[in-house]
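Down below is the structure, laid out as structure tokens.
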Amino acid sequence: MKKQWVVKALYETLTLPLKQSPFAANSSSRYICSSPPSIFALKNVTKSNFEPALADLRGLVRDADFVSIDLEMTGVTSAPWRESFEFDRFDIRYLKVKDSADKFAVVQFGVCPFRWDASNHSFVAHPHNFYLFPRQDIPVDSPSYEFLCQTASIDFLAKYQFDFNLCIREGISYLSRGQEDEALRRLDVVYNNESFDLGFNSGEARDTLVVRIADIFFTERLRNRIGEWRDGLLQNKNGEYRIQESINDSSQQFQTIFFNMRPAILLSGFTSHQLRLIQLVTEKHFQDLVYLCAKDEASSVQQLIVYIDSKTDRSLLMKEVKEGLRRQAEMKIKAAVGFRHVIDLLSSEQKLIVGHNCFLDIAHIHRKFLGPLPSTAEEYTSSIHKYFPYIIDTKILLNTSGVIRPMRKGSTSLSRAFTQLYPEIASSVKRSHLDLKPRVRVEVQVDDMRSSNWNSGAKHEAGYDAFMTGCVFIQTCSHLGLDFNLHSPFTNSANADKLQKHMNLLYLSWTNGDIIDLSTGNRTAESLYHSLHSHPKIIFSNIALIWGFLPKLKAREIKECISKVFGPNSVTSVYHLDVTAVFVQFSKAELVSDFLQLKETLERSNDPISVLHPLSKLLEGGNTCAATYKFYKKVCSSPVSEFMFADQAEAMGIKWKNELTGLNAQVGTPQENDMAASPSTANESQSGKLNNLINDLSRGHFRDDENIHSWYPAEAQASK
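Mapping of the sequence shown onto numbering that gives the first Met the number 0: residues 0 to 719, in sequence order.
If you want it as structure tokens, here you go:
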């Protein structure tokens, strides 16, 4: 999803009156306007005009210097604990993005090709706004046809007048490459099967019992009528087939036609039971007649009895019908590909793709149109790079180029960057030092109508956001000193230093500056981020995950009760995932195992000392669980998404109270295996640790670690 703000200010001095606008008569375009005469034209595409729009888009993309994109989804996070946190390791961040792309749908896809017009020294933009809806046009097994809706996201779309009725009723469906391949594979299995039956199942027809009096009369009557029709064909002295009008009746149940150049009876108005009886009569009494099901040009099913003059002719007829049915099935699959044709177009043309904070967008493209997302970020980057070798993220470009000083993440949001780089079309924005530099001219063209008199949109739509993204990219490139006459198209200048160092770098998470290189799979941490934040350094081996405690417990109280046991400097930070779970970062890695061992010992004990122990407050209720950080990855990789983390662990079947009695008991480390081989030594060691801790507590002695910096960062949702 994109930014939470949309440009509201409108600039009117360059805008023609509505009645004089060259877009006014263009019914295939949608206009974004706040007050006449300010308008912005963009091409709305639904299933009703998708084919001609796709045909036009092929030429526009082929001639484009680059293509900017933007997506609107039904949600971002499936549970609060799946949001982007400071404590998320690189692989965890990818798993959260993967979960989002797996669970939510794309309802709008903005595609905006940009072409440099050297004669006018301007870029020409062609904004397209595609409505998508993943309807099931062919039977495939895929979770993409079941998707979640996040209330905040739906409310946000509704706030900007998103047309949900149009999306559901007229949205373009699609198949991923994986789904198409699977559908074609199933088609091969069905039509390569020698036992493939072109009528009702032959065994089912033969097994149909003719026991009722009505069935007996029906089969006799049909036998006579079919026999009369057949005999009439054979009585033709010239050896040519002659249509027997006598078999046609007023009810149109029997119609004589030609099917594949052969005389045939078209059956209609019969029940499925009656049709099985007709098939039984045909197979039993007429060797030169074939009962079969076929489809006409409109894909309507036809029940036929066809005359054949030999066994060879019978085989030929069956082959013809079978091949025809297969061709129709293949055409239906190809038609169901739908919007993926646009993705295939962008991939085949190898154009530079420009997005804004677009890692989630690219993940959705992979999931919806290419195939399931790999389980690791490294596999994902390798996969996506094959299809899209040139991608630039304008948020990366802005933050690393110095065009806009990124004091806070909001300063490089798409709408704010757009208004800063193009202030002349946002009258409410104060002019800055950037205003002294000339702007690259951008014209908008929809179909045959072209104009430079456009204004900032008043709605949050993917097509318009894709347009803004392209404009931000153009102006940033201009500030970097790129000569568009020399560096156009941009894919031909991919090795240029000014762009190459930004190519294929995407924010895996803006929250902590994690950047991933799609061309190599390597990751880096943006130094700018660390200079803007003074949070404690996160050491994942020092983190314990605790969940299932009483909701009344706050982070400060959890820190206090742990610090009373392990020392005032033992805990550097406590961070809530939700009200049922926290991360606790200890000052030393060994304190994590000490905490887990002590917790397990206290829960096994039932003596006064355990009840009075400082950790008893954390263990109150008997449902408190704890584990090392690696367990968090296991939870995040699960397709299950309960709202609360404690419920998530329970839904995954995690019944053990502690990692020591759970995961490690199943897959022990070498040290744990040694301890298991000598239980007495292990018990003595564990008991000794507990006694030492209790003794230190009773004497008022604590471990002396570094100073505690308890911090509670706000929920960090990646924002554009």
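Virtual Cβ for every residue (Gly too), placed ideally from N, Cα, C. The model shown is predicted, which means the values in this text are computed figures rather than measured ones.
Buried versus exposed call for residue i [16 or more other C-beta atoms within 10 Å across all chains shown]
| i | result |
| --- | --- |
| L435 | Confidence at L435 is low in this model, with a pLDDT of 46, below 50, so the placement of that residue is unreliable and no value is reported for it. |
| S412 | buried |
| E460 | buried |
| S686 | With a pLDDT of only 47 at S686, under the threshold of 50, the placement of this residue in the model should not be trusted; the figure read from the coordinates follows. S686 should be labelled exposed. |
| R29 | At R29 the pLDDT is 44, less than 50, meaning the model places this residue with poor confidence; the figure from the coordinates comes in the next sentence. By the neighbour-count rule (16 or more Cβ atoms within 10 Å), R29 is buried. |
| M651 | exposed |
| L369 | buried |
| E82 | buried |
| Q302 | buried |
| V305 | buried |
| N356 | buried |
| F472 | buried |
| Q178 | buried |
| D162 | buried |
| A213 | exposed |
| R92 | buried |
| G469 | buried |
| K310 | exposed |
| L617 | buried |
| T270 | exposed |
| V300 | exposed |
| K1 | Unreliable positioning characterises K1 in this predicted model, as indicated by a pLDDT of 41, which lies under 50. The coordinate reading is nonetheless provided below. Classification of K1: buried, given that the 10 Å Cβ count is 16 or more. |
| V443 | buried |
| H127 | buried |
| D64 | buried |
| Y386 | buried |
| A157 | exposed |
| M467 | buried |
| R275 | buried |
| A78 | buried |
| V583 | buried |
| T150 | exposed |
| L316 | buried |
Integer-rounded CB distance, given that residue j should sit under 8 Å from residue i
| i | j | result |
| --- | --- | --- |
| I171 | F113 | Not really, about 23 Å apart at Cβ, beyond 8 Å. |
| H120 | R440 | 7 Å |
| F146 | K102 | 6 Å |
| D392 | Y506 | 6 Å |
| A465 | D69 | 4 Å |
| D116 | V110 | That pair is no contact at about 19 Å. |
| W546 | A645 | 5 Å |
| E169 | T45 | 4 Å |
| S382 | H363 | Contact doesn't hold; Cβ gap of about 14 Å is too wide. |
| L544 | A580 | 7 Å |
| R229 | L186 | So it is not a contact: roughly 35 Å between Cβ atoms. |
| C166 | V106 | 5 Å |
| I225 | F285 | 7 Å |
| C635 | L94 | 4 Å |
| D90 | K632 | 6 Å |
| K558 | V573 | 5 Å |
CB of residue i within 8 Å of CB of residue j, strictly
| i | j | result |
| --- | --- | --- |
| I395 | I514 | yes |
| L265 | I277 | no |
| Y463 | F39 | yes |
| P613 | V564 | yes |
| A182 | I332 | yes |
| G620 | L549 | yes |
| L221 | V280 | yes |
| M502 | Y389 | yes |
| Q474 | R438 | yes |
| E348 | R61 | yes |
| D516 | L504 | yes |
| F585 | R88 | no |
| S118 | G354 | no |
| G268 | Q251 | yes |
is_contact[residue i, chain D] using C-beta, thresh 8 Å
| i | result |
| --- | --- |
| D496 | The question asks about chain D, but that chain is absent: this structure has only one protein chain. |
Output the residue ranges of the alpha helix (DSSP H) runs that lie fully inside the stretch 287-324 and measure 4 residues or longer, sorted by chain position. none
Can you confirm whether the stretch 474-484 touches the stretch 319-326 when touching is taken to mean that 3 or more C-beta pairs between the two stretches lie within less than 8 Å? no
Determine, using beta-carbon pairs with one atom in the stretch 619-627 and one in the stretch 69-87, whether at least three such pairs fall under 8 Å. no
Does the count of Cβ pairs from the stretch 586-604 and the stretch 641-650 closer than 8 Å reach three? no
Meets three-Cβ-pair contact criterion under 8 Å: the stretch 44-61 and the stretch 331-343: yes
Taking one C-beta from the stretch 342-351 and one from the stretch 72-80 each time, how about it: are there three or more such pairs within less than 8 Å? no
Which residue spans inside the stretch 57-82 form an unbroken beta strand (DSSP E) run of at least 3? 65-72
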